[in-house]
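J.: Shown below is the structure under consideration.
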Amino acid sequence: MMAGVGALLLVAALTQRAAVPARTPDEQLAEQIRLREEAGELRLAQRATVLGFYARRAFRPAWNKEHGPNRLADDLVATLNRADLEGLTPEDYHVNAIGSLLAYVRLATSSGRAPELARLADLDLLLTDAFLLYGSHLLGGRVDPESLHPLWEASPRGADLATLLEQALDSRKIARALQRLAPTHEGYRRLRDALARERAYAESGAWPVLPRGPALKRGDSSAAVALLRERLHAEGDLDKKDGDRFDDALHEAVRRFQWRHGLEQSGVVDAETFAELNVTADARVNQIKLSLERWRWLPQDLGRRRVEVNIAAYELQVIDDDEVALRMRVVVGRAYRRTPVFSDTIRYIVLNPNWHVPKSIAVEELIPKIQKDSTYLERFGMRLQTAGPNAQDVDPRTVDWKEITAENFPYRLRQEPGRLNALGRMKFMFPNQYDVYLHDTPSRHLFEETQRDFSHGCIRVEKPIDLAVYLMKKSKWEQETIERALDEGTERSIYLPRPMPIHLLYFTAWADEDGTIQFRPDINGVDPPLSRALAKRH
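For the sequence shown, the working numbering gives the first residue as 14, with consecutive numbering after it.
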């Protein structure tokens, strides 16, 4: 009898020891998340990061609790639906699929049914992928510029987004975590505000299209003038829109519009001004979105003091604590020799520089001139030299220039310092792979042109001495010292007491300090490829 009881107790003990504990609802959902992720049926843009995120938390749900999605899921969806404020597209972040799943889960819950675990798992995975994808776009842009343009370098900001998501979930501050990933630069904030205003113009029916016809000018009176008044009033360039007379107020409004679009400020509505007036509000919205994207390609720290060159605006600015300390016009590269876009550091200035003529310029542009004029080199202070490290002068009169071609040019050209030197009296150096720098120019008249893309890629500056004086602050090189050294006429390098960050930028839309929206033509034709890339869905 006792033996039988003992056997029963042993069987009971073994049965109890072998029993598998029941899985909690949370564990069941975790298992479904793992299975759904491994199945690979969901299109996850950040799949590797998503997997790492869930693996670290044993696939526990991030956005769901026992009975369905938590409040943080709604916070994320609301944030994603505001992506258009940043110039991004909410539909890129699964908002439609997430909305359908949320509707299904909530309908099931309100009907007293348990939602399918597979759908809850999909919802969790999509929410996580949306957070990570949107975060990555705010950090470094949606498009890689180097995939579109060989002369465009990005400096994307980095962050451990999976860790950031964990912290956001723990602190329950999803929106704030994402907002902190957007560029913090004042220029980005102003342009983001401008996007909201320009989008409001577009949604309100925008502005009328002006019929093409003869130029409109002060003193005219016509139906076309009435439309012009309405058009300029729509964007705030003109206070009073009623009437059909081209009066003084309208003249000034046209000049303001021309200034905002980089046109000659004549006050006359000519063909170029007509063209800019008839660009649609939707096109302007898109132009702003492209510039916001380009902001996201920039480094987080641009430098408290820095030089910025906006290639599309033909303008250089020195920024000091978000204030413009110095502004000047520049000449940039032609479309076929475009100025590259990148960030670097100005380290030294060369006074009275020699110009070592690039071979491409020598063979493509100078040889034909020398063949036509045997005195060309002498007149422009150029020396013909042998190639190689031990260059020797060559008498150009001993060369049969008729036989010289681009393929058999064994020489190099160097232009001596002087008033005709192509680099002017100084150049500002930030050594880079493109051999691009800022420099003076003897062709001062070019700064009076509205469209200033005449160079071979380097950037000619309007006020080189002013720039040099600013860069050499807190050194012995004051303006008088610099000018004395320039008068000596010999080449000399002077090093900045504090190397200065420089950013060569390309913005066809921006907002000034007072919020005024500025637009410029896309001189390098780079807006359409970016627009197409942004329009592609993931």
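Beta carbons: idealized from backbone N, C-alpha and C, even for Gly.
Helix, strand or coil: how does DSSP classify GLU504 here?
T.: coil
J.: Please state whether DSSP places ILE515 in a helix, a strand or coil.
T.: strand
J.: Name the residue from PRO38, LEU64, GLY53, ASP535 whose alpha carbon lies nearest to the alpha carbon of ALA326.
T.: Here the closest residue by C-alpha is ASP535.
J.: Please confirm whether any heavy atom of the ligand ZN lies closer than 7 Å to the CB of GLU321.
T.: In terms of ligand content, the structure shown is empty, and the ligand ZN therefore cannot be addressed.
J.: Output yes or no for whether 8 Å exceeds the beta carbon distance between ASN365 and LEU499.
T.: Going by C-beta atoms, ASN365 is nearer than 8 Å to LEU499.
J.: Alpha carbon to alpha carbon, how far is GLU501 from TYR508? Give it in angstroms, no decimals.
T.: Roughly 18 Å between the two C-alpha positions.
J.: Quick one: complete alpha helix (DSSP H) runs, 4+ long, within the stretch 62 to 145?
T.: DSSP runs (the alpha helix (DSSP H)) wholly in the stretch 62 to 145: 84 to 93, 108 to 123.
J.: According to DSSP, is LYS440 part of a helix, a strand, or is it coil?
T.: Three-state DSSP puts LYS440 in a strand.
J.: Need the endpoints of the alpha helix (DSSP H) that GLU50 sits in, please.
T.: 38 to 52
J.: Rounded to the nearest angstrom, what separates ILE478 and GLN492 at their Cα positions?
T.: Approximately 7 Å, taken between the alpha carbons.
J.: So the beta strand (DSSP E) ASN323 belongs to, where does it begin and stop?
T.: For ASN323, the uninterrupted beta strand (DSSP E) run begins and ends at 318 to 323, by DSSP.
J.: What distance in whole Å lies between the Cβ atoms of LEU251 and ALA553, which are believed to be in contact at a cut-off of 8 Å?
T.: Outside the modelled stretch of the chain, which goes from 14 to 551, sits residue 553, for which no answer is possible.
J.: State the DSSP-derived secondary structure class of GLY153, mapped to helix, strand or coil.
T.: helix
J.: Just the C-alpha distance for PHE520 and ARG533, rounded to the nearest angstrom, thanks.
T.: 8 Å
J.: Cutting at 6 Å between CB atoms, please list the residues of its own chain near PHE460, excluding the five before and the five after it.
T.: ARG342, GLU475
J.: Whose C-beta lies closer than 8 Å to the C-beta of VAL63 among residues of the same chain, with five residues either side of it excluded?
T.: By the criterion of a C-beta distance shorter than 8 Å, VAL63 is surrounded in its chain by GLU50, LEU57, LEU138, THR141, ASP142, LEU145, once the five residues flanking it on both sides are discounted.
J.: By DSSP, does THR176 sit in helix, in strand, or in coil?
T.: If DSSP states are grouped into helix, strand and coil, THR176 belongs with the helices.
J.: Keeping to the same chain, check which residues put their C-beta closer than 7 Å to that of ILE374; ignore five residues upstream and five downstream.
T.: HIS469
J.: Here's the rule I'm using: 16 or more other beta-carbon atoms within 10 Å means buried, otherwise exposed. How should MET14 be labelled?
T.: With a pLDDT of 49 at MET14, under the threshold of 50, the modelled position of that residue is not reliable, and no figure is offered here.
J.: So what does DSSP say about HIS246, is it helix, strand or coil?
T.: helix
J.: Could you say which of GLU391, VAL108, THR293 lies nearest to LEU93 if we only look at CA atoms?
T.: VAL108
J.: Can you tell me the Cα-Cα spacing of GLN59 and GLY65, whole angstroms?
T.: Between the C-alpha atoms of GLN59 and GLY65 there is a straight-line separation of about 10 Å.
J.: Write down the C-beta distance between GLU99 and LEU305 rounded to the nearest angstrom, noting that I regard them as a contact closer than 8 Å.
T.: The Cβ separation is near 7 Å, so the contact holds.
J.: On the three-state DSSP scale, how would you describe SER168?
T.: coil
J.: In three-state terms, what does DSSP make of SER468?
T.: The three-state secondary structure of SER468, taken from DSSP, is strand.
J.: Going by C-alpha to C-alpha distance, which of SER544, ALA546, LEU315, GLU526 sits closest to ALA207?
T.: Considering only SER544, ALA546, LEU315, GLU526, the residue with the shortest C-alpha distance to ALA207 is GLU526.
J.: Taking TRP523 as part of the beta strand (DSSP E), name the residues at either end of that continuous run.
T.: 522 to 524
J.: May I have the straight-line CA-CA distance separating GLU328 from VAL322, to the nearest angstrom?
T.: 6 Å
J.: Say whether the stretch 428 to 446 touches the stretch 368 to 387, bearing in mind that this needs 3 or more beta-carbon pairs closer than 8 Å, one atom from each stretch.
T.: Result yes; three or more Cβ-Cβ pairs closer than 8 Å.
J.: Taking ALA43 and PRO82 to be in contact with their CB atoms under 8 Å, please state how far apart those CB atoms are, rounded to whole angstroms.
T.: Wrong, their Cβ atoms sit about 15 Å apart, outside the cutoff.
J.: Give me the residue from SER124, ASP283, GLU159 with the minimum Cα distance to GLN271.
T.: A check of alpha carbon separations from GLN271 across SER124, ASP283, GLU159 identifies ASP283 as the nearest.
J.: Where do the ends of the beta strand (DSSP E) carrying ASP58 lie?
T.: Sequence check: residue 58 is Ala here, not Asp. Note, ALA58: premise wrong, no beta strand (DSSP E); not H, not E.
J.: Over what stretch of residues does the alpha helix (DSSP H) that includes GLN192 continue unbroken?
T.: 187 to 192
J.: Which same chain residues, not among the five before or five after LEU161, have their C-beta less than 7 Å away from its C-beta?
T.: A distance below 7 Å between beta-carbons, with the five flanking residues on each side excluded, links LEU161 to the following residues of its chain, in chain order: PRO542, LEU543, ALA546.
J.: Can you name the start and end residues of the beta strand (DSSP E) that GLN428 belongs to?
T.: Element bounds for GLN428: 424 to 428.
J.: My understanding is that GLN192 touches ALA131, with C-beta atoms under 8 Å, so please give their C-beta distance in whole angstroms.
T.: Between ALA131 and GLN192 the Cβ distance is about 33 Å, and since that is not below 8 Å, they are no contact.
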